Amino acid sequence: MYRLFGCVLVALLAFSAMPAMAVEADLDRLRKQIDELNEEIDYLHSRIDKNERHSVLDRINWYGDLRVKGDHLRYGDITLNQGFMVDFDQFGIDAMNGDFGDLTDPNSAISTMMAQYPELAQAFAAGQLPSKGMFGPGVQKFDDENDILYTTRLRLGMKAEVYDNVNFSGRLSMYKNWGDSTGVQVFDSFGSFTMDGTSSGNTTGDFLRVDRAYFDWKDIGGSPFYLSIGRRPSTYGPPTHLRENEMRGGTPSGHLVNFNFDGITVGYKLGKHTGIEGQVVRFCYGQGFESQHGNGSLFAEAELEDTHLGGFNIDAINDGVHFLQLTLFGALDVTDSFKGLAVLPFQDRNGDGIMEAYPNSMGYITRLQGSENIGNMLLGGIGYMHTTENDSTWFVSGGWTRTLGNDSFNPSGLGGLLADATPVFEVTSIDENGNPVLESTGEFVTDGLDEDHDGYSIYVGFQTPAPMGKLGVEYNWGSKYWTPFTQAQDDIVGSKLATRGHVGEAYYIFDVNPNMFIKVGALYYDYEYTGSGSPVGKPKKVEDVQDGKEFSMFPVIDTAWDINASLTVKF
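Here the sequence shown stands for residues -22 to -1, 1 to 549, where the numbers follow mature numbering (1 follows the signal peptide of the UniProt record, and there is no 0).
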């Protein structure tokens, strides 16, 4: 009996101990699994390097700036002397045949016209009318003023590390007048229409446009070579970044290039061999005009060559104190126009592609495109910038351009490469006010086609620390045929560095905090020749247009003031 009781007791004790033993075993297994998971986490963590963590947590690093600016603009001695090339031989024959009425009748159309234009009447009576000559209403002069023009510029920058030696950079830009988002301007100069190369520097409305987008592949195969492809950083290059109060914004010299390009750069860090800090040699290639896709008209395809650009940009030294840059490049098969939109001042009523003497009063928008390859261009420059121990910076830059024209020209009357090609009109009738009704004859009178021209420019300035900020002064001059690619410079009057004449600028920058500054400045323009910034059309002396010796399709500015203040916030 006692033996049976003891066996039962032992069995009960053994059974009661089994759950405790099972729990302990489960805990051991859990501890082992936790240890294994920790080891796996440590292993995975060891595989995730800095670049991978950056890619997971923040694929694109965003930054940007916002500038609000007010400009007071004053234009002095604006001259309007528009005219048309008229076939006076045919006009004389028609007048003598009585096609415009009786010359002896004071109420006839021809008599009304002669009374309206006494100089024409005098030359006609004396038999001194040229075979073909310019005819217009005469010289008109006036001043103009814009009390205040407000603009807002927003730029959103992007950076991303793709791999150890590959990264992406981009920037979106919006630049608009207050109260205006039409995106299309009245065509009064080469830079006044919305086109690919200048969209970031012209006020085009509340659109975010791609200012730049490219990748850099550095140290290819462990060598000093690098490759960069995309929409290039070709705006706000040195030394123009100083007046923007920012670091170097573009690769090429801002004296020669401030224009959005799509292309390729192959660079070589020569300083690794020479020991000269910052020494880099770059070959750059780009395309400025696509001649086929999206071009043409209802009746004929445009027979054009693409516009290609290529050349070298060399940073001979860039050590933070001395900066020396050399630039030489060319543009092949330059076209008479880029693709873009504008409101033309005149209409083409008969569809022959030539603007006639009928104002575009309804403001119809026209899609402009190249129609002819008018020649080639070469551009070169050398610039030096020096920063002293007290952070003062001074610079000097010299620029040269050469145009190599051919015998092609714009058929609408704009001209060839720094040359004129003026359409000839005939008087078909005279209206009740004594104004001639003109129609194109299809002929052109040319001046300067197939000629080569050299242009020159100098650009100097300094910037120095001053109480609460910086003080800067700049001056530039351009010759008659000076023709750089700086149309995307966002000066309201027009790119100051494209000016054929003189420009002086002074500004003061107040540093509010490291990410905010106020800039107050003034620019004075003194134009010597017409057509600044345009490779199309022959430059004419401003004085000759004012005196009535030369005609101009667009208003000609003699002098201009731009007094401005801006607030910029960086984030």
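Every residue gets a Cβ at the ideal spot worked out from N, C-alpha and C, and that includes glycine.
None of the values given here were measured: they were computed from a predicted structure.
For this session: May I have the straight-line CA-CA distance separating Q106 from E417, to the nearest angstrom?
Result: Between Q106 and E417, the alpha-carbon positions lie close to 23 Å from each other.
For this session: Drop a sphere of 10 angstroms on the beta-carbon of D536, count the other beta-carbons inside from all chains shown, and report buried for 16 or more, exposed for fewer.
Result: buried
Exercise. Going by C-alpha distance, which of M112, A73, D55 and T182 is nearest F120?
Worked result: D55
For this session: Using the Cα positions of G438 and G308, report the straight-line distance between them to the nearest angstrom.
Result: Sequence inspection shows Val at residue 438; the Gly mentioned does not correspond to that position. Each residue's Cα considered, the two are about 24 Å apart.
Exercise. Looking only at DSSP bridge pairs, what is H50 linked to?
Worked result: I541
For this session: For D468, collect the residues of the same chain with a Cβ closer than 6 Å to its Cβ; drop the 5 residues on either side in sequence, then sort them by chain order.
Result: G179
For this session: With DSSP as the reference, label G439 as helix, strand or coil.
Result: DSSP places G439 in the strand class (E or B) of the three-state scheme.
Problem set entry | At least 3 beta-carbon pairs within less than 8 Å: the region 397 to 404 vs the region 245 to 256 | no
Problem set entry | Start-to-end residues for the beta strand (DSSP E) that takes in I295 | T285 to N296
Exercise. Do the region 354 to 373 and the region 408 to 417 make contact, defined as three or more Cβ pairs closer than 8 Å?
Worked result: no
Exercise. Out of curiosity, what's the CA-to-CA distance linking N493 and G215?
Worked result: 21 Å
For this session: Quick one: residues in its chain with C-beta nearer than 8 Å to the C-beta of L35, no 5 flanking neighbours on either side, listed in chain order?
Result: Confidence at L35 is low in this model, with a pLDDT of 48, below 50, so its placement is unreliable and no value can be given for it.
Problem set entry | Coil, strand or helix - T252 by DSSP | Look at T252 here: in three-state DSSP terms it is helix.
Problem set entry | C-alpha distance - L44 paired with D522, whole-angstrom precision | 43 Å
For this session: Within its chain, find whatever has a CB closer than 7 Å to the CB of G264; leave out the 5 residues flanking it on each side and keep chain order.
Result: R210, F239, D240, G241 and L287
Exercise. Taking buried to mean at least 16 other C-beta atoms within 10 Å of its own C-beta, is V164 buried or exposed?
Worked result: exposed
Problem set entry | Nearest-angstrom Cα separation, counted from A73 out to F66 | 10 Å
Exercise. In terms of residue numbering, what span does the beta strand (DSSP E) encompassing D189 cover?
Worked result: G183 to W195
Problem set entry | Secondary structure of D311, DSSP reduced to three states | strand
Problem set entry | Enclosing alpha helix (DSSP H) for F102 [first to last residue] | P96 to A103
Exercise. How is M494 classed by DSSP in three states: helix, strand or coil?
Worked result: strand
For this session: Classify M152 as buried or exposed, calling it buried when 16 or more other Cβ atoms lie within 10 Å of its own Cβ.
Result: buried
For this session: Take the Cβ of Q303 as the centre, count every other Cβ of all protein chains shown within 10 Å, and call the residue buried at 16 or more, exposed below.
Result: buried
Problem set entry | First and last residue of the uninterrupted alpha helix (DSSP H) at residue 584 | Because the chain here runs from -22 to 549, residue 584 falls outside it and cannot be looked at.
For this session: Determine the DSSP secondary structure at G208, reduced to helix, strand or coil.
Result: strand
Problem set entry | Per DSSP, the bridge partner or partners of D430 | Per DSSP, the beta bridge partners of D430 are L382.
Exercise. Below 8 Å, can you find three or more Cβ-Cβ pairs linking the region 342 to 354 to the region 289 to 298?
Worked result: no
For this session: Keeping to the same chain, check which residues put their C-beta closer than 6 Å to that of F(-8); ignore five residues upstream and five downstream.
Result: For F(-8), the predicted model reports a pLDDT of 42, less than 50, meaning its position is unreliable and no value from the coordinates is stated.
Exercise. What are the partner residues of Q118, as DSSP defines its beta bridges?
Worked result: L58
For this session: Please go through the same chain and pick out, in chain order, the residues whose beta-carbon is closer than 6 Å to the beta-carbon of E483, but skip the five residues on each side of it.
Result: E452 and L501
For this session: Over the uninterrupted beta strand (DSSP E) stretch that includes F267, give me the two end residues.
Result: V258 to F267
Exercise. Where does V299 sit, in a helix, a strand or coil, going by DSSP?
Worked result: coil
Exercise. Can you check whether the CB of P337 is closer than 9 Å to the CB of D166?
Worked result: Contact flag unset, no.
For this session: Under 6 Å Cβ to Cβ from G377, same chain only, skipping five residues before and after it: list those, please.
Result: H233, L234, G359 and S435
For this session: Go ahead and label W156 buried or exposed: buried means 16 or more other beta carbons lie within 10 angstroms of its beta carbon, across all protein chains shown.
Result: exposed
Exercise. Where do the ends of the beta strand (DSSP E) carrying E521 lie?
Worked result: Run containing E521: none in the beta strand (DSSP E); it sits in the alpha helix (DSSP H), V520 to Q524.
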